[in-house]
Amino acid sequence: MTAVIELIDATKIVQNGFNEQKVILDGVNLTIREHDFITILGGNGAGKSTLFNAIAGTLRLTSGQVRILGENVTNWSAEKRAKHLARVFQDPKMGTAPRMTVGENLLIAKYRGERRGLISRQLAAHSDTFLALLARTGNGLEKHLETPTGLLSGGQRQALSLLMATIKRPELLLLDEHTAALDPKTSQSLMALTENFVTEDQLTALMITHHMEDALKYGNRLIVMKDGQIIKDLNTAEKASMTLADYYQFFE
Numbered sequence: 000m001t002a003v004i005e006l007i008d009a010t011k012i013v014q015n016g017f018n019e020q021k022v023i024l025d026g027v028n029l030t031i032r033e034h035d036f037i038t039i040l041g042g043n044g045a046g047k048s049t050l051f052n053a054i055a056g057t058l059r060l061t062s063g064q065v066r067i068l069g070e071n072v073t074n075w076s077a078e079k080r081a082k083h084l085a086r087v088f089q090d091p092k093m094g095t096a097p098r099m100t101v102g103e104n105l106l107i108a109k110y111r112g113e114r115r116g117l118i119s120r121q122l123a124a125h126s127d128t129f130l131a132l133l134a135r136t137g138n139g140l141e142k143h144l145e146t147p148t149g150l151l152s153g154g155q156r157q158a159l160s161l162l163m164a165t166i167k168r169p170e171l172l173l174l175d176e177h178t179a180a181l182d183p184k185t186s187q188s189l190m191a192l193t194e195n196f197v198t199e200d201q202l203t204a205l206m207i208t209h210h211m212e213d214a215l216k217y218g219n220r221l222i223v224m225k226d227g228q229i230i231k232d233l234n235t236a237e238k239a240s241m242t243l244a245d246y247y248q249f250f251e
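Numbering-wise (numbering that gives the first Met the number 0), the sequence shown opens with residue 0 and increments by one.
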């Protein structure tokens with residue numbers, strides 16, 4: 000399988016006041032291969048978000064490398080990496096423009112990472128495609144193509160964020176605790192939709208979750224992080240052989 004993302008000895012050290020330093024990512028080595036769906040578990044301060052930010056380019060490494068499709072992108076900006084990566088955040092408000100309609104948000108996402116001149120947006124030409132895409136969510140979004148996004152429910156807005164992140168197939172989809180702000184029923188619906196998108200469209204995805212059950216249920220690999228390091232990298236068979244009690248032992 001093709002290596003989509005590689006982290007090589009990825010280390011991030013920050014100043015922690017009074018000339019003290021704190022290592023928040025500690026020599027991490029990770030290879031994400033094409034079609035991997037990797038879930039990440041870890042307590043607060045384990046390094047999960049730092050790992051995401053290092054991949055996305057919103058946090059520069061102190062040392063080590065990030066590679067995308069074999070190319071060293073360590074010094075690339077987040078904007079330059081955006082043509083390869085898409086991200087769904089924990090807060091439903093983060094991934095969409097509230098005053099723009101659902102259709103306008105999708106149109107922006109369709110041209111992610113491309114140069115755009117001052118031309119007519121031609122939204123009507125994409126409406127049929129967008130309606131079919133919205134219908135995949137199963138939550139009535141197709142009825143809201145012309146609705147300002149700020150008027151949607153949290154679950155609908157997060158489903159739209161997922162559509163926007165995948166409308167232009169990314170090399171890697173980053174799911175940053177994207178169900179955490181939703182009620183349990185809506186969270187389950189969004190996870191089912193996420194798995195549907197990842198498996199049917201054969202995406203490569205990396206997902207942070209605090210839900211132990213989701214980490215066990217979804218994905219072909221599970222990574223456990225602690226103190227800025229990956230302490231476990233389990234494949235499907237290894238995941239299946241473990242219980243919730245086994246996982247809780249990692250955090251003791």
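Don't be surprised by glycine CBs; every beta carbon is placed ideally from N, CA and C.
Predicted model only: the values in this text are computed from it and were never measured.
- For the 9 Å CB-CB criterion, residue 174 and residue 65 do not form a contact.
- With contacts defined by Cβ atoms closer than 9 Å, residue 153 and residue 138 do not form a contacting pair.
- The beta carbon of residue 122 sits closer than 6 Å to the beta carbons of 102 and 106 from its chain, once the five residues preceding and following it are set aside; these are given in chain order.
- Comparing alpha carbon positions, the residue from 220, 225, 224 and 245 closest to residue 32 is 220.
- By the neighbour-count definition (other C-beta atoms within 10 Å, threshold 16), residue 70 is an exposed residue.
- Counted as a single uninterrupted DSSP element, the stretch harbouring residue 249 is not any beta strand (DSSP E), since DSSP gives it neither H nor E.
- Between residue 82 and the set 58, 60, 96 and 54, the nearest pair of CA atoms involves 54.
- The C-beta separation of residue 96 from residue 148 comes to about 6 Å, placing the pair in contact by the 8 Å criterion.
- In this structure, DSSP gives residue 106 a helical state, which the three-state scheme calls helix.
- Contact holds between the segment 159 to 174 and the segment 189 to 208, because three or more Cβ pairs, one in each stretch, are under 8 Å apart.
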